[in-house]
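Note sheet for the following structure.
Protein chains: 2
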Amino acid sequence: MDFDQLRYFLQVAERGNFTRAAEDLRISQPALSRSIQKLEDELGQPVFERRTRSVSLTEAGTLMQARAQQVLAILEDARAEITDDGQSGRVRVGAIPTIAPYFLPKILQRFSAAFPRASLLVQESTTDLLLKSCTQGEIDLAIVALPVPAKYLEIEPLFEEELLLVMPPNHPLADKSRIRLGDVKPFPFVLLDEAHCLSDNIVSFCRQQSFNPVAVERISQLTMVQELVSLSHGVSMIPAMARQCDESDRRVYRSLANPKPMRTIAVVWNPYRFQSRLLKAFRAHLRQSTCSHGG
Amino acid sequence: MDFDQLRYFLQVAERGNFTRAAEDLRISQPALSRSIQKLEDELGQPVFERRTRSVSLTEAGTLMQARAQQVLAILEDARAEITDDGQSGRVRVGAIPTIAPYFLPKILQRFSAAFPRASLLVQESTTDLLLKSCTQGEIDLAIVALPVPAKYLEIEPLFEEELLLVMPPNHPLADKSRIRLGDVKPFPFVLLDEAHCLSDNIVSFCRQQSFNPVAVERISQLTMVQELVSLSHGVSMIPAMARQCDESDRRVYRSLANPKPMRTIAVVWNPYRFQSRLLKAFRAHLRQSTCSHGG
DNA sequence: ATCATTGATGCATGGCGTGCATAGATAAAA
DNA sequence: TTTTATCTATGCACGCCATGCATCAATGAT
Chain Z
1 MDFDQLRYFL QVAERGNFTR AAEDLRISQP ALSRSIQKLE DELGQPVFER
51 RTRSVSLTEA GTLMQARAQQ VLAILEDARA EITDDGQSGR VRVGAIPTIA
101 PYFLPKILQR FSAAFPRASL LVQESTTDLL LKSCTQGEID LAIVALPVPA
151 KYLEIEPLFE EELLLVMPPN HPLADKSRIR LGDVKPFPFV LLDEAHCLSD
201 NIVSFCRQQS FNPVAVERIS QLTMVQELVS LSHGVSMIPA MARQCDESDR
251 RVYRSLANPK PMRTIAVVWN PYRFQSRLLK AFRAHLRQST CSHGG
Chain A
1 MDFDQLRYFL QVAERGNFTR AAEDLRISQP ALSRSIQKLE DELGQPVFER
51 RTRSVSLTEA GTLMQARAQQ VLAILEDARA EITDDGQSGR VRVGAIPTIA
101 PYFLPKILQR FSAAFPRASL LVQESTTDLL LKSCTQGEID LAIVALPVPA
151 KYLEIEPLFE EELLLVMPPN HPLADKSRIR LGDVKPFPFV LLDEAHCLSD
201 NIVSFCRQQS FNPVAVERIS QLTMVQELVS LSHGVSMIPA MARQCDESDR
251 RVYRSLANPK PMRTIAVVWN PYRFQSRLLK AFRAHLRQST CSHGG
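Protein chains in written order, with our numbering: chain Z, 1 to 295; chain A, 1 to 295.
What follows is the structure in structure tokens.
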């Protein structure tokens, strides 16, 4: 039996489709079919039920899937552990879109300077997909905002960050010295997609104050939210790190008081996977680089 | 990477010698050399230190050894679990020489009748080697006499068995109605090798009675001990199960009293390995078949 | 009824694992 | 020191088999 067979098998299992899986694996579909056939020969029974439009795992296949994942994880960890010199290696970082562009660049640059032989890979995605990637060992750690439903994952909070009210400069609230959430009630909100956890943070904060924000628009990028605010489509709440990167004078930021809306940034990783020295160094770097944010 | 590579690697690691390992694996030595080379290429560093007369694991090799064992165990278990139908399959039984010929035949025959599609494999060896085989997954269970130093192994006592004093028919003690250990003191002992745990059982029993048996001869087979006793080389202690198989009139068996020497037969297995339904059935069969011995 | 999708199969090919013979290196023996 | 023995590595040839291409068969969608 070959490890490629197991990789192939897992890909088909995940995709439920030979053709797509073959594309992912960059082999031809016939090659994949034959590889699975051979696996099934060796196991003495089929691992897939071939339906006309898709394939699904048989009972044996389900069993095999779990084992194959274990096996490949062990082997990948073994490779990593053997080649672990504390300097070179790969760190695959995941981050959500409302953190990545504002927080990661400086971190990556400084880490890269400290560990020039390390290769850094970044994946930007939503929290749920990042957690899945982390669980499956496709990334080494993820930087997300709490709370996260992270079963079997290790979570370490990094710092707390304020969410600032953003509005056009001519907005009625812009000149108010002390704004409370109640003051915002009359104004419509521009919010991110439901896919973004920042929306959840904002909405759940408002709900705690018995206030249901009226979202007039749902956008997929934070920069676009900022632009729409400038165009007076509504107000919004923006993480402090995003404000620091905003050099426009077409919008103004104000703190809310009593209570301040906050979000907690945390790093998440899979403790069942081997943690290379480089990886630990990266986490240490994260802690060190973020203590300045206070938290 | 191929699973054969891992198997090859483990064999070389265990043997410390390419040539011998190749013989064990039934491939040529050059093929083995090349397979290991390829593994080392894939890992980016050597797994063996080639010394002139033998090879030993490098640090990376030691790491890899543990992982390879895990991987192969998982895969073997997966195969077993997938093909586990409760009727067919393989049961590899180990037993020590002072148990195997007297106890196993009936067990095997009855189990084989109840599970005709099962294949039974027997390995007769000393306790320490059986435990090692059990740990390494080379056998599924072992039948031994307590006590056993069985770290990470499950132990289930089956029954207790008396050790009987055996002597020639014309021996002075043969006519004594009630023999105590002190009465045996003047007579020399015929004992098994140190390798056999039965010797340990006997010696430790005697020591508890502050009696050091004088072993005039150390033999490797229980039948030979019986024969030498017949030839008046000395007396000995023989498990009850061996007495039942002894149809000769050239020796007589007597119980010792206060206390009776006993040994406890137990079955040992590796709980970290997959326990097929057939395997569980075999253990149940063992329990059921031995409750008659009283225990 | 026609077209699209999907997995399986015939065929040719290239890579690679294997065995044989042997070299190279080193330790043991003479 | 020379000879012999032991052990791993390498050159070479062979054959298996995994792969890709073209295509088929089956089935669902339009």
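All C-beta atoms, glycine included, are put in the ideal place defined by N, C-alpha and C.
Between the CA atoms of residue j and residue i - distance to the nearest angstrom
i, j, result
"R254 of chain Z", "A242 of chain Z", "13 Å"
"D175 of chain Z", "I265 of chain Z", "30 Å"
"E187 of chain Z", "E247 of chain Z", "Before going on, a small fix: residue 187 of chain Z reads as Phe here, not Glu. So the alpha carbons of these two residues sit roughly 24 Å apart."
"S199 of chain Z", "L192 of chain Z", "6 Å"
"Y8 of chain A", "S35 of chain A", "8 Å"
"E59 of chain A", "E42 of chain A", "16 Å"
"A22 of chain A", "V55 of chain A", "14 Å"
"Q69 of chain Z", "Q136 of chain Z", "8 Å"
"Y213 of chain Z", "A73 of chain A", "Before going on, a small fix: residue 213 of chain Z reads as Pro here, not Tyr. Taking the straight line from one Cα to the other gives about 56 Å."
"G16 of chain A", "I179 of chain A", "53 Å"
"S232 of chain A", "A145 of chain A", "28 Å"
"G294 of chain A", "K260 of chain A", "Because the pLDDT of G294 of chain A is 46, which lies under 50, any placement of that residue in the model is unreliable, and the question is left without a value."
"L279 of chain Z", "K106 of chain Z", "17 Å"
"A257 of chain Z", "L141 of chain Z", "34 Å"
"H310 of chain A", "V229 of chain A", "No information on residue 310 of chain A is available, as it lies outside the stretch 1 to 295 that chain A covers here."
"S88 of chain A", "L39 of chain Z", "21 Å"
"F115 of chain A", "D84 of chain A", "13 Å"
"S112 of chain A", "D249 of chain A", "33 Å"
"A13 of chain A", "A240 of chain Z", "57 Å"
"Y102 of chain Z", "L108 of chain Z", "11 Å"
"R277 of chain Z", "R26 of chain Z", "32 Å"
Candidates the options, of which the one nearest residue i by Cα
i, options, result
"Q244 of chain A", "A:E161, A:A13 and A:F3", "A:E161"
"T98 of chain A", "A:V225, A:R92, A:M1 and A:L141", "A:V225"
"L163 of chain A", "A:R283, A:R92, A:R67 and A:V235", "A:V235"
"M64 of chain Z", "A:E81, A:T62, A:L57 and A:L63", "A:E81"
"R218 of chain Z", "Z:R207, Z:S230, Z:V190 and Z:V229", "Z:V190"
"V47 of chain A", "A:A66, A:L158, A:D249 and A:Q109", "A:A66"
"P149 of chain Z", "Z:K132, Z:L141, Z:F159 and Z:I139", "Z:K132"
"R53 of chain Z", "Z:S177, Z:R117 and Z:F18", "Z:F18"
"L158 of chain Z", "Z:Q11, Z:M237, Z:Q29 and Z:Q288", "Z:Q288"
"L57 of chain Z", "Z:G86, Z:R20, Z:L10 and Z:I27", "Z:L10"
"G44 of chain A", "A:Q29, A:S28, A:G61 and A:L32", "A:G61"
"R117 of chain A", "A:G86, A:A100 and A:E138", "A:G86"
"Q209 of chain A", "A:E227, A:R50, A:E194 and A:L181", "A:L181"
Chain A contact for residue i (CB, 8 Å cutoff)
i, result
"S41 of chain Z", "Inspection of the sequence shows that residue 41 of chain Z is occupied by Asp rather than by Ser. False, the Cβ-Cβ gap to chain A never drops below 8 Å."
"V148 of chain Z", "no"
"L327 of chain Z", "Residue numbering for chain Z in the displayed model covers 1 to 295; residue 327 of chain Z lies beyond these limits and cannot be assessed."
"E378 of chain Z", "Residue 378 of chain Z is absent from the model: chain Z starts at 1 and stops at 295."
"A60 of chain Z", "yes"
"G86 of chain Z", "no"
"Q275 of chain Z", "no"
Chain Z within 8 Å of residue i, Cβ atoms only
i, result
"D128 of chain A", "no"
"D193 of chain A", "no"
"T98 of chain A", "no"
"Y8 of chain A", "no"
"A78 of chain A", "yes"
"I155 of chain A", "no"
"M1 of chain A", "yes"
"V55 of chain A", "no"
"L75 of chain A", "yes"
"Q70 of chain A", "yes"
"R67 of chain A", "yes"
"S44 of chain A", "First, the residue type needs correcting, since residue 44 of chain A is Gly and not Ser in the sequence shown. Cβ-Cβ to chain Z under 8 Å: yes for G44 of chain A."
Burial state of residue i, where buried means 16 or more other Cβ atoms lie within 10 Å
i, result
"M167 of chain Z", "buried"
"T290 of chain Z", "buried"
"N201 of chain A", "buried"
"Q275 of chain Z", "buried"
"R251 of chain A", "buried"
"V71 of chain A", "buried"
"M262 of chain A", "exposed"
"V184 of chain A", "buried"
"A31 of chain Z", "exposed"
(message) Under 8 Å, with one C-beta from each stretch per pair, do the stretch 76 to 84 of chain Z and the stretch 125 to 133 of chain Z reach the 3-pair mark?
(response) Output reads no: the stretch 125 to 133 of chain Z does not touch the stretch 76 to 84 of chain Z.
(message) Does the stretch 116 to 123 of chain Z come into contact with the stretch 88 to 98 of chain Z, if we say contact requires no fewer than three beta-carbon pairs (one atom in each stretch) closer than 8 Å?
(response) yes
(message) Using a Cβ distance threshold of 8 Å, determine whether the stretch 269 to 277 of chain A contacts the stretch 137 to 155 of chain A, with at least three qualifying pairs required.
(response) yes
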